[in-house]
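Order-wise, the sequence lines are chains A and B. According to numbering that gives the first Met the number 0, the stretch in the first sequence is residues 0 to 307, in order. According to numbering that gives the first Met the number 0, the stretch in the second sequence is residues 0 to 307, in order.
Protein chains: 2
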Amino acid sequence: MSRVTVLTGGVGGAKLVLGLCHIMPPERITAIVNTGDDFSLLGLAISPDLDTLLYTLSGKGDTEKGWGRGNETWTFMEAAASLGGPNWFQLGDGDLALHVLRTEALRRGETLSVITANFAGAWGVATKMLPMSDDLVATKITTDEGELDFQTYFVARRCVPRASAIHFAGASAAQPAPGVLEAIMGADTILIAPSNPYLSVDPILAVPGIAKALRAAKAPVVAISPLIGGQSVKGPTAKLMRELGHPLTNEAIAAHYAGIIDGLLIDEQDQAQNPGILFACTDTLMRDLGDRRRVAAAAMAFARTLKA
Amino acid sequence: MSRVTVLTGGVGGAKLVLGLCHIMPPERITAIVNTGDDFSLLGLAISPDLDTLLYTLSGKGDTEKGWGRGNETWTFMEAAASLGGPNWFQLGDGDLALHVLRTEALRRGETLSVITANFAGAWGVATKMLPMSDDLVATKITTDEGELDFQTYFVARRCVPRASAIHFAGASAAQPAPGVLEAIMGADTILIAPSNPYLSVDPILAVPGIAKALRAAKAPVVAISPLIGGQSVKGPTAKLMRELGHPLTNEAIAAHYAGIIDGLLIDEQDQAQNPGILFACTDTLMRDLGDRRRVAAAAMAFARTLKA
């Protein structure tokens, strides 16, 4: 039976992985998750993309917002604010459990990958969730307001500052988490989720050994383009591409992943464009579970044509 | 105007301090608070007696239970339990704000006394709240189940194990927090709250310099007996006294505080007993705010007779 490995960031990537889980046995799927967004707030270790995937796959997520828990309460934030605590990052009461338990486990010397596997196990998630690395890698954005941490840029400043460069502090010394290279080399299909290529996928590719493994992998590698009609669905992809000097085209996405991917799944609106790589089309907008299944199935079907 | 210093533990002591705040300007009151119950759970620094006093004096407390926040939610505990986290100690969502912010401030190098003053300030508490020490002192109970940490004995084991001895780990190396000795030496009246003498007041007296300052203080020192009708109102005082071989009498309480106190305020039910020290009587049961004011006023009036 085929094994699928997906490189993914946050909300958009989690939708794709959920779609995959509905068209194949979840235990055959490995998600390699961006941890470049991870940060520390109030001494708590927060892994937003891992948590988004965990909530999405466990069914405990807020399906309206796409991140955080469903039926969340906010008493902690209110109390912390009354004591002068920060309130720029939303820490739900239930969400805190992940952060507090993760922080405590890290302090005991457990690795992020073991902690993540334990959380997934406790919540009945059969998909294998791997952080890209157990080492700290921090996405930093050089902007007209100076160099910003990812969460400062993304949450506190709402992507308003103009970006000129992105780098991943700590990446050169980081190692892929246990299982990451094996999941790439052993996969029958490899997908790159329609997450932000610069902010969510590049940190994964920046961990030494991962890009090389993708190039060496026997499996076809298909990326799902984050662009629809020359725009990003959500988040700062389009704005960033403009600021970094890339045209808002699938050709630019294909060029970004050149050497890594064998094909690009693009939105049907964009089929007139030739991305300069093997491509397939579907409606890539994922509004509901049906869409998620369809996009996942289209990516898998496309990959099968590349394998032959 | 007179300055009052109170040595206090948790719930019972907080009631007395609240009563005092209603009969005199709160900013003239200094509470020296037991921190022998302090412990770490999930990496969070928890100071139960400081928090009980903070909640009580700020009006944010749960007046039914006598500890914790009012209008508390419990989403964190539920989520943590679903991840295999401990559930023997109740951590409310809003309560977590104190623990998370305190832990973070301690990590930054702030002292518990500064942190406590900041919390009190943020919540408009005018009473000066001092931890007995900024150093770690941990109450340990020797029982028929072995040596237990305070919270294990008190919360997890509900005081069921039979105690044979109590000691305060770290006390001999601890220093009184800044302001503690000054609050004792500069007070016009010193009260010892009707907290558990063995578990809540003894840790304070075990910090080097505090008992000596109480003996040297010019102010009269009045303890309010925790016994009513030869029983403790709440908590393990009576059970502990039996197990430690003390008769359940005010004489035993007076003997315990011998050399420290000048007088004992006892319950009117117990006035036939002579505690062997100067004493006064009132109804010492504190059900409501009126009771708290009455007991505080009785203690202050008694102290005035001792000063003359």
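Note that the Cβ used here is the ideal one computed from N, Cα and C, for glycine as well.
| Check | Outcome |
| --- | --- |
| Three-way DSSP call (helix, strand, coil) for F88 of chain B in this model | coil |
| Under 9 Å by beta carbon: chain A residues contacting L277 of chain B | Within chain A, no residue comes near L277 of chain B; the closest Cβ sits about 43 Å away, beyond 9 Å. |
| Residue range of the unbroken alpha helix (DSSP H) whose run includes S112 of chain B | L111 to A121 |
| Nearest residue (CA-CA) to A296 of chain A, options A:F149, A:K306, A:T7 and A:M23 | A:M23 |
| 7 Å Cβ shell around A212 of chain A - same chain, five flanking residues per side excluded | L180, I183 and M184 |
| Residues bridged to F153 of chain B [DSSP beta-bridge criterion] | Its beta-bridge partners do not exist; DSSP assigns none. |
| Element boundaries [alpha helix (DSSP H), containing E146 of chain A] | Counting along the chain, E146 of chain A falls outside any alpha helix (DSSP H), though it belongs to the beta strand (DSSP E) covering G145 to D148. |
| Cutoff 7 Å: V99 of chain B Cβ touching any chain E Cβ | Given the protein chain composition of this structure (A and B), no chain E is represented. |
| Boundaries of the beta strand (DSSP E) in which A44 of chain B is found, first to last residue | L43 to I45 |
| V220 of chain A - containing alpha helix (DSSP H), residue span | Not the alpha helix (DSSP H): V220 of chain A falls in the beta strand (DSSP E), residues V220 to I223. |
| For M128 of chain A, the three-state DSSP class (helix, strand or coil) | strand |
| Interface positions of the segment 57-76 of chain B facing chain A (Cβ-Cβ less than 9 Å), listed along the chain | K59, R68, N70, E71, T72, W73, T74, F75 and M76 |
| Anticipated Cβ contact below 8 Å, S224 of chain B with I260 of chain B, distance rounded | In fact, because the Cβ distance is near 10 Å, the residues do not count as touching under 8 Å. |
| Other residues of its chain near L264 of chain B: CB distance less than 8 Å, five sequence neighbours each side excluded | V221, A222, I223, S224, F278, A279, C280, T281, T283, V294, A297, A298 and F301 |
| N- and C-terminal bounds of the alpha helix (DSSP H) containing T304 of chain B | L288 to K306 |
| Residues of the segment 78-98 of chain B whose Cβ lies closer than 8 Å to any Cβ of chain A, in chain order | A78, A79, S81, L82, G83, G84, G91, D92, G93, D94, L95, A96 and L97 |
| Chain B within 7 Å of T141 of chain A, Cβ atoms only | no |
| 8 Å Cβ cut-off: residues of chain B touching A121 of chain A | S81, L82 and G83 |
| Element boundaries [beta strand (DSSP E), containing L40 of chain B] | F38 to L40 |
| Distance CB(I31 of chain B)-CB(L19 of chain B) smaller than 7 Å | no |
| Three-pair Cβ contact test at 8 Å for the segment 33-45 of chain A versus the segment 90-98 of chain A | yes |
| Test: G42 of chain A CB closer than 7 Å to a CB of chain B | yes |
| is_contact[F38 of chain A, chain B] using C-beta, thresh 7 Å | no |
| P175 of chain B - partner residues in DSSP beta bridges | B:S132 |
| T102 of chain B: contacting residues in chain A (beta-carbon distance under 7 Å) | G42 |
| Spatial distance of K64 of chain B from T55 of chain B (CA atoms) | 11 Å |
| Buried or exposed (CB count within 10 angstroms, at least 16 for buried), N249 of chain B | buried |
| DSSP-derived helix/strand/coil call for K64 of chain B | coil |
| For K211 of chain B, the first and last residue of its enclosing alpha helix (DSSP H) | I209 to A215 |
| Interface partners of F118 of chain B on chain A, CB under 7 Å | L82 |
| Strand pairing of D266 of chain A, partner residues [DSSP] | A:T281 |
| Spatial neighbours of P25 of chain B in its chain, beta-carbon cut-off 7 Å, leaving aside the 5 residues before and after | A125 and T126 |
| Chain B contact for R106 of chain A (CB, 7 Å cutoff) | yes |
| Cutoff 8 Å; reference T62 of chain B; Cβ partners in own chain excluding five residues on either side | G69 |
| Environment of T188 of chain B [buried if 16+ CB atoms lie within 10 Å] | buried |
| For H166 of chain B, the first and last residue of its enclosing beta strand (DSSP E) | A162 to A168 |
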